[in-house]
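Scroll down for the structure; my scribbles are underneath it.
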Amino acid sequence: MAKLILILGGARSGKSTYAAQLASSCKKVAYIATARRDDDPEMKERIKEHQRIRPAGWLTVEEPLAVDKSLAGMEKKVEAVIVDCITLLITNWLLKGVNGKMDVKKYRARESVILNMIKRLVLAAKKTKPTVIIVSNEVGLGIHPENRLGRYFRDIAGWSNRILAEAADEIYLMAAGIPLKIKG
1 MAKLILILGG ARSGKSTYAA QLASSCKKVA YIATARRDDD PEMKERIKEH
51 QRIRPAGWLT VEEPLAVDKS LAGMEKKVEA VIVDCITLLI TNWLLKGVNG
101 KMDVKKYRAR ESVILNMIKR LVLAAKKTKP TVIIVSNEVG LGIHPENRLG
151 RYFRDIAGWS NRILAEAADE IYLMAAGIPL KIKG
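Position one of the sequence shown corresponds to residue 1 (the UniProt record's numbering), numbered consecutively onward.
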């Protein structure tokens with residue numbers, strides 16, 4: 001049975017770096033990147049930064065939506081899988097096919113789809129042999145979002161983290177680059 005590790009923290013807290021450190025003891029590692037490549041120069045720089053912290057021999061899979069399916073295919077290929085990150089995955093699902101306007105009913109329906117996807121990810125992680133390290137932002141400690149989309153995102157991210165935390169064997173909370181083990 002696989003070990004599921006959850007790494008939570010704020011922006012630039014060292015989550016991805018710590019995930020890479022944990023996985024570095026394994027010979028074969030897969031990195032499932034959930035970021036969407038687009039024309040945003042700042043996002044391109046973030047992607048390059050994440051690429052720099054991973055060893056060249058790691059298998060990189062870019063998957064912005066179907067992470068559970070990508071994870072299921074790793075069984076015989078690697079010893080550890082990093083999923084980085086859940087909050088970008090949520091963003092991808094929340095904004096999929098949306099041009100910025102959605103009513104409350106549609107957001108609630110999308111919320112259900114996203115939380116079910118997180119549950120499928122947990123099931124896939126628990127069924128696979130490799131250790132699975134999941135990175136997610138802790139977004140509930142900041143200011144109250146001023147708009148509806150921000151509030152939906154924060155709520156869905158919080159609920160998703162709770163689902164992941166319940167299933168995780170180990171949880172680390174990153175604070176200023178320091179991992180604090182809070183479960184396991």
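Just so it is clear, CB atoms sit at the ideal spot from N, CA and C, and this is done for glycine as well. Every value quoted in this text rests on a predicted model; they were computed, and no experiment measured them.
Check: Quick check: the Cα distance between L88 and T131, rounded to an integer number of angstroms?; Outcome: 21 Å
Check: If the criterion is Cβ atoms closer than 8 Å, does the pair V78 and V67 meet it?; Outcome: no
Check: Could you tell me the alpha carbon to alpha carbon distance between I134 and D103, rounded to whole angstroms?; Outcome: 31 Å
Check: Report the three-state DSSP secondary structure of P41 (helix, strand or coil).; Outcome: helix
Check: For N116, is the classification buried or exposed, using 16 other Cβ atoms within 10 angstroms of its Cβ as the cut-off for buried?; Outcome: exposed
Check: Starting from the C-beta of N92, find all residues in its chain whose C-beta is less than 7 Å away, skip the five residues before and the five after it, and write them out in chain order.; Outcome: T34, R36, P64, L65
Check: Where does the unbroken alpha helix (DSSP H) through L121 begin, and where does it stop?; Outcome: 104-127
Check: Identify the residues that DSSP records as bridge partners of S70: which are they?; Outcome: Note: S70 sits in no beta bridge, so no partner.
Check: Looking only at DSSP bridge pairs, what is Y152 linked to?; Outcome: Bridge partners of Y152: none, in fact.
Check: Enumerate in chain order the residues of its own chain whose CB-to-CB distance from L121 is below 6 Å, with the five nearest sequence positions on each side excluded.; Outcome: V67, D68
Check: By Cβ distance, which residues of its chain are closer than 8 Å to residue 192, with the 5 residues on each side in sequence left out?; Outcome: Residue 192 is absent from the structure shown; the chain starts at 1 and stops at 184.
Check: Between which two residues does the beta strand (DSSP E) containing N137 stretch?; Outcome: 131-137
Check: Do V81 and W58 have their C-beta atoms closer together than 8 Å?; Outcome: no
Check: Tell me the DSSP bridge mates of I53?; Outcome: DSSP, once it has assigned bridges, lists no residue as partnering I53.
Check: If you reduce the DSSP assignment to three classes, tell me which class T34 lands in.; Outcome: coil
Check: With respect to the beta strand (DSSP E) encompassing L141, which residues constitute its N-terminal and C-terminal limits?; Outcome: L141 -> no beta strand (DSSP E), and no H or E assigned at all.
Check: Look at Y152 and E111 and say whether their C-beta atoms are less than 8 Å apart.; Outcome: yes
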